[in-house]
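Novice: Take a look at this one; I'll ask things after.
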Amino acid sequence: MQGICLPPSSQERIDEQSENRTKYPSKTGKITTGSKNLASQEISHSEETLEKIIFTRDKKESSASEVNQSYDQNLSKAKTKRNKKIVYTETDEQLSAHKACIIMLEEQNRDYENKITLLQRKLNSNNIASESKVSEGSTNVVKALKTGKSPGPDGLSAEHFKLMPEELLTYIVNIVNLIFKDKDLPQETKEGVVFSEGILKDRLEPKLLKIQSKLQKGFTEKTSSLNTAFIVSAAADFYKEILEELILLTLDAQKAFDKLHHKILFNKMYHDGIVGNMWLLLRNMYRNVTVKVKWNNSISDKFTQEIGVRQGAKLSTVLYKRYNNNILEALERSNIGAQIGNINVVAPTCADDIAILASKEHEVQALLDIVHDMTNKDFVSINPTKSEIVQTAVNKSSTRTKCLSRKQ
């Protein structure tokens, strides 16, 4: 095992330095007085350096011991705080700031409570107003029921509701309110007279009339099929005056009301802005609809109606007009066909009967192609046996009209 080498002491360093001076004298071979002074200075300097090193080492050792001692004290304090409840003291300024914050939060809470109270009052007033509207709407629906119609599966006809006592109207209003609240109809009510359809029509029709084509004159208030006939005759007179040929193509959709697809209809209405509770109620109204057929006083078993609108229902005509509206919009956007001045009269329509007007055969063919594409998208077919072409031949000397036997 090797020995441990300790640093030389100050006396040993002085002896070593004196030996070196004796072994290696100056160039003159003698130790002069100057060299002695230099040696004494070096010895004093080395002693001062050694004292500084020793002092620094002692200081570091003392500081390290102090750090260790403070660490032990902090550790012991942390251990005691775990088992004791810590109490923080606050100044008066901090306490006043906390009190101000609590007061501000209480005021905000009172503001929120006032807002909630106002909203609840508005909601209650809206509910009362909606109930009064439903009551008024139910009364109007009962008054508008057409008499002389066959009763539903429940045996109730329009006459029963029109002649019922006023006390029973309260129960009907409650049922209608539940229908609008749940956004669905009981299965039993889907087979008979549905009062909610009349109320829905009053709310839905004004919105759909804004997007309805101006060429559609069927099942529309303040107009009739006579307006469609007037547009056709006015167009014929106009083209006679300008001495141009006018071609009339009449189209009839085959079983239009019976082949209406529900998913396509409600998708169109959704894009028209009919959303929310009204859209949900309409969709649920046509979900799992059951139908019975009455023939010669015999009633068939009920079956599910997956396509088509309800026969004789208030909403049926409104829903079909929306289903058929895309065809008329496409014909108007084509910018071809007959015009009276700057008024487009390309397709005067009454419900599912469309009259296409054009002055050229290629225009008639182009318009017919548009109808074909749109009806294919909606799964509607044109009845060829009820579609004809009426052509007006005009020259300077005479005017004649002929009916062609060619079918679509």
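Numbering (UniProt numbering), first residue to last: 1 to 408. Built from N, CA and C at the ideal position, the CB exists for glycine as well.
Using DSSP bridges, identify the partner residues of I356.
Specialist: Here residue 356 refers to the residue found at position 356 when the sequence shown is read from its first residue. DSSP lists L249 as partners of I356.
Novice: Helix, strand or coil, according to DSSP, for N342 in the structure here?
Specialist: Indexing the sequence shown from 1 puts residue 342 at position 342. In this structure, N342 counts as coil in the three-state DSSP scheme.
Novice: If you compare alpha carbons, which of L168, Q212, C350, S387 is closest to L368?
Specialist: In the sequence shown, the residue the question calls residue 368 occupies position 368. Measuring from the Cα of L368, the nearest candidate turns out to be S387.
Novice: Would you identify the three-state DSSP class for T170, choosing helix, strand or coil?
Specialist: For this step, residue 170 is matched to residue 170 along the sequence shown. T170 falls in the helix class under three-state DSSP.
Novice: Measuring CB to CB, does V346 end up less than 8 Å from E332?
Specialist: Along the sequence shown, one-based indexing puts residue 346 at 346. Along the sequence shown, one-based indexing puts residue 332 at 332. The answer is yes: Cβ separation under 8 Å.
Novice: Can you have a look at D373 and say buried or exposed, based on whether 16 or more other CB atoms are within 10 angstroms of its CB?
Specialist: Within the sequence shown, residue 373 is the residue found at index 373, counting from 1. By the 10 Å Cβ count, D373 comes out exposed.
Novice: Taking a contact to mean a Cβ-Cβ separation below 8 Å, would you say F303 touches T317 in this structure?
Specialist: Your numbering for residue 303 matches position 303 in the sequence shown. Your numbering for residue 317 matches position 317 in the sequence shown. Cβ distance not < 8 Å, so F303 and T317 don't count as in contact.
Novice: Could you give the distance in angstroms between the alpha-carbon of S213 and the alpha-carbon of E329?
Specialist: Reading the sequence shown from its first residue, position 213 is the one you call residue 213. Reading the sequence shown from its first residue, position 329 is the one you call residue 329. Straight-line Cα distance between these residues: approximately 7 Å.
Novice: Assess contact between the region 179-187 and the region 237-253, defined as three or more Cβ pairs (one per stretch) separated by less than 8 Å. Is contact present?
Specialist: Segments in contact, no.
Novice: Could you name the residues of the same chain whose beta carbon sits closer than 6 Å to that of T170, not counting the 5 residues immediately before and after it, in chain order?
Specialist: Counted from its first residue, the sequence shown places residue 170 at position 170. So no residue of the chain qualifies.
Novice: Using the three-state DSSP reduction, which class does S298 fall into: helix, strand or coil?
Specialist: The count along the sequence shown starts at 1 and reaches residue 298 at position 298. Of the three classes helix, strand and coil, the one that applies to S298 here is strand, per DSSP.
Novice: Could you pull out every unbroken alpha helix (DSSP H) segment of at least 4 residues lying fully inside the region 252-335, listed in chain order?
Specialist: Here the runs fully enclosed are 262-271, 277-285, 316-333.
Novice: Relative to the C-alpha of K360, which residue among D352, G337, I343, N342 is closest?
Specialist: The sequence position of residue 360 within the sequence shown is 360, counting from 1. Nearest of D352, G337, I343, N342 to K360, Cα basis: G337.
Novice: Just to confirm, is the Cβ distance from K292 to P151 under 8 Å?
Specialist: Looking up residue 292 in the sequence shown gives position 292. Looking up residue 151 in the sequence shown gives position 151. Result no, Cβ atoms of K292 and P151 do not sit closer than 8 Å.
Novice: Classify C350 as buried or exposed, calling it buried when 16 or more other Cβ atoms lie within 10 Å of its own Cβ.
Specialist: Taking the first residue of the sequence shown as 1, we reach residue 350 at position 350. Buried is the call here.
Novice: For D237, count neighbouring C-beta atoms within 10 Å of its own C-beta (all shown protein chains included) and say buried if the count is 16 or more, exposed if not.
Specialist: By 1-based counting over the sequence shown, the position of residue 237 is 237. Burial call: exposed.
Novice: Compare the beta carbon distance of V176 and F161 with 8 Å and say whether it is the shorter of the two.
Specialist: The residue you call residue 176 lines up with position 176 of the sequence shown. The residue you call residue 161 lines up with position 161 of the sequence shown. In this structure, F161 does not lie closer than 8 Å to V176 by Cβ.
Novice: Just to confirm before moving on: does the CB-CB distance between S334 and I382 stay below 8 Å?
Specialist: On the sequence shown, position 334 is the one that residue 334 refers to. On the sequence shown, position 382 is the one that residue 382 refers to. Cβ distance not < 8 Å, so S334 and I382 don't count as in contact.
Novice: Tell me the residue span of the alpha helix (DSSP H) that contains K377.
Specialist: Within the sequence shown, numbered from 1, the residue matching residue 377 stands at position 377. Its alpha helix (DSSP H) spans residues 361-377.
Novice: What first and last residue would you give for the alpha helix (DSSP H) that runs through L226?
Specialist: On the sequence shown, position 226 is the one that residue 226 refers to. 225-241 is the extent of the alpha helix (DSSP H) around L226.
Novice: Between the region 223-234 and the region 294-308, do at least 3 Cβ pairs fall closer than 8 Å?
Specialist: No, the region 223-234 is not in contact with the region 294-308.
Novice: Decide if K149 is buried, meaning its Cβ has at least 16 other Cβ atoms within 10 Å, or exposed.
Specialist: Numbered from its first residue, the sequence shown carries residue 149 at position 149. When all chains shown are included, K149 counts as exposed.
Novice: With DSSP collapsed to three states, give me the class of V142.
Specialist: Sequence index remark: in the sequence shown, residue 142 carries index 142 (1-based). DSSP places V142 in helix when its eight states are reduced to three.
Novice: Quick test of the definition: if touching needs 3 or more C-beta pairs under 8 Å, does the region 269-282 touch the region 200-217?
Specialist: These segments touch.
Novice: From what residue to what residue does the alpha helix (DSSP H) around I162 run?
Specialist: Within the sequence shown, the letter at position 162 stands for residue 162. Sequence check: residue 162 is Lys here, not Ile. That run of the alpha helix (DSSP H) goes 158-162.
Novice: By DSSP, does T147 sit in helix, in strand, or in coil?
Specialist: Translated into the one-based positions of the sequence shown, residue 147 becomes position 147. If DSSP states are grouped into helix, strand and coil, T147 belongs with coil.
Novice: Please report how far the alpha carbon of E241 lies from the alpha carbon of K222, in whole angstroms.
Specialist: Indexing the sequence shown from 1 puts residue 241 at position 241. Indexing the sequence shown from 1 puts residue 222 at position 222. Cα to Cα, E241 sits roughly 30 Å from K222.
Novice: Is I356 near the ligand NAP, with its Cβ less than 7 Å from a heavy atom?
Specialist: What this structure holds is no ligand at all, so the ligand NAP is not there to describe.
Novice: G341 and F257: beta carbons closer than 8 Å?
Specialist: The residue you call residue 341 lines up with position 341 of the sequence shown. The residue you call residue 257 lines up with position 257 of the sequence shown. In this structure, F257 does not lie closer than 8 Å to G341 by Cβ.
Novice: If we count the other Cβ atoms within 10 Å of its Cβ and call it buried at 16 or more, is L282 buried or exposed?
Specialist: Numbered from its first residue, the sequence shown carries residue 282 at position 282. Counting Cβ neighbours within 10 Å, L282 comes out buried, since at least 16 surround it.
Novice: In the structure shown, what three-state DSSP assignment does T220 receive?
Specialist: Locating residue 220 in the sequence shown gives position 220, counting from the first residue. Correct three-state label for T220: coil.
Novice: With DSSP run on the structure shown, which of helix, strand or coil describes K210?
Specialist: Here the question's residue 210 lines up with position 210 in the sequence shown. In the structure shown, K210 sits in coil (DSSP, three-state: anything other than H, G, I, E or B).
Novice: Do T392 and residue 409 come within 8 Å of each other at the CB atom, strictly closer than that value?
Specialist: With the chain covering only 1 through 408, there is no way to say anything about residue 409.
Novice: What number of angstroms, rounded off, separates the C-alpha of I264 from the C-alpha of N326?
Specialist: As a first step, residue 264 must be located in the sequence shown, where it is residue number 264. As a first step, residue 326 must be located in the sequence shown, where it is residue number 326. Approximately 12 Å, taken between the alpha carbons.
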